[in-house]
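Protein sequence lines, in the order shown, are assigned to chains V and D. Using the numbering used here, you'd call the opening residue of the first sequence number 9 and step up by one each time. Using the numbering used here, you'd call the opening residue of the second sequence number 9 and step up by one each time.
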Amino acid sequence: DAGVTQSPTHLIKTRGQQVTLRCSPISGHKSVSWYQQVLGQGPQFIFQYYEKEERGRGNFPDRFSARQFPNYSSELNVNALLLGDSALYLCASSLQQGSGNTIYFGEGSWLTVV
Amino acid sequence: GQNIDQPTEMTATEGAIVQINCTYQTSGFNGLFWYQQHAGEAPTFLSYNVLDGLEEKGRFSSFLSRSKGYSYLLLKELQMKDSASYLCAVGGNQGGKLIFGQGTELSVKP
């Protein structure tokens with residue numbers, strides 16, 4: 009069975025540009041969450057979507073947005089990129105909404121902003 | 009506030025046992041998770057504790073005390089491949105949200 013898949017795996021953007029990251033959850037999983045992991049730190053929660061609705065939002069500026077599609081895949085958009093947005097962006101999926109469910113991570117998208 | 013503390017680095021010898029501690033203070037609690045993350049890779053799920061006590065899974069065990077805000081991950085019969093970062097995370101009030109510690113970098117030496 010395919011795990012959580014993310015694309016692209018690596019990308020380089022220039023300050024001020026916009027980026028879209030994509031995620032497909034494990035088949036049957038309806039909840040998708042996004043995390044940002046800066047080198048040397050633990051992942052930081054950005055968003056959670058369940059049944060195509062935003063169910064949680066972390067402490068990130070409005071430049072960050074996301075959505076979930078009818079097939080439960082998801083996109084994370086970041087506008088007006090800053091150097092500090094350089095990080096590993098992780099997508100995680102779980103069966104249900106609550107964090108009591110086991111949460112599985114994808115391999116991540118490495119974003120470098122220059 | 010939300011605070012999860014774990015040691016930054018630990019070193020242990022192949023074949024030995026190591027215990028990685030995690031203390032937490034969070035506004036909500038929906039279980040405690042441990043993840044393993046090798047350099048350049050995604051975190052992989054190791055364990056989940058929601059009730060007090062010890063959960064054993066092969067060479068790995070995880071303990072939780074909710075009253076003390078404390079957990080540990082115990083790794084037995086250490087192997088070189090266990091060298092990785094170990095992340096402690098608490099399930100928060102917001103559905104699906106995990107609050108992570110900074111991770112403990114474990115180095116296993118021959």
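Positions of the beta carbon are idealized from the N, C-alpha and C atoms, including for glycine.
Does the beta carbon of residue i come closer than 7 angstroms to any beta carbon on chain V?
| i | result |
| --- | --- |
| Q110/D | yes |
| A47/D | no |
| F71/D | no |
Let me know if residue i comes out buried or exposed under the rule of 16 or more other beta-carbons within 10 Å of its beta-carbon.
| i | result |
| --- | --- |
| V122/V | exposed |
| A50/D | buried |
| Q76/V | buried |
| Q87/D | exposed |
| T112/D | buried |
| K117/D | exposed |
| A3/D | Here chain D covers residues 9 to 118 and nothing more, so residue 3/D does not appear. |
Looking at chain D, is there any beta carbon in it that lies within less than 7 angstroms of the beta carbon of residue i?
| i | result |
| --- | --- |
| F77/V | no |
| E115/V | yes |
| Q44/V | no |
| T13/V | no |
Whole angstroms are fine: how far does the CA of residue j sit from the CA of residue i?
| i | j | result |
| --- | --- | --- |
| S115/D | K65/D | 21 angstroms |
| N57/D | S70/D | 7 angstroms |
| G118/V | Q26/V | At residue 118/V the sequence reads Trp, which differs from the Gly that was named. C-alpha separation (whole angstroms): 15 angstroms. |
| L47/V | E63/D | 30 angstroms |
| I54/V | Q33/D | 20 angstroms |
| G11/V | V40/V | 13 angstroms |
| I28/D | C99/V | 26 angstroms |
| H18/V | A74/V | 19 angstroms |
| A95/V | L59/D | 34 angstroms |
| T13/V | L103/V | 15 angstroms |
| Y80/V | G36/V | 9 angstroms |
| Y97/V | P16/V | 10 angstroms |
| G23/D | C96/D | 23 angstroms |
| P51/V | L90/V | 18 angstroms |
| K21/V | S73/D | 45 angstroms |
List the residues of chain V that residue i touches, going by C-beta distances under 7 angstroms, in chain order.
| i | result |
| --- | --- |
| A50/D | L98, F113, G114, E115 and G116 |
Would DSSP call residue i helix, strand or coil?
| i | result |
| --- | --- |
| G1/D | Only positions 9 to 118 of chain D appear in this structure, which leaves residue 1/D out of reach. |
| G61/D | strand |
| L119/V | strand |
| L91/V | helix |
| K89/D | helix |
| N29/D | strand |
| S35/D | coil |
| H18/V | strand |
| T110/V | coil |
| S81/V | coil |
| G64/V | strand |
| D70/V | coil |
| L106/D | strand |
| Q52/V | strand |
| T16/D | coil |
Using the beta-carbon of each residue, which ones in chain V are nearer than 8 angstroms to residue i?
| i | result |
| --- | --- |
| V105/D | Checking the sequence shown, residue 105/D turns out to be Lys, not Val. Here the neighbours are S41, F53, Q56, G64, G66 and S107. |
| L95/D | G50 and P51 |
What residues of chain V sit near residue i, judged by a beta carbon separation below 9 angstroms?
| i | result |
| --- | --- |
| F68/D | Those within 9 angstroms of F68/D in chain V number zero; the least Cβ separation is about 15 angstroms. |
Under 7 angstroms Cβ-Cβ, which residues of chain A neighbour residue i?
| i | result |
| --- | --- |
| T110/V | Any reference to chain A falls outside this structure, whose protein chains are V and D. |
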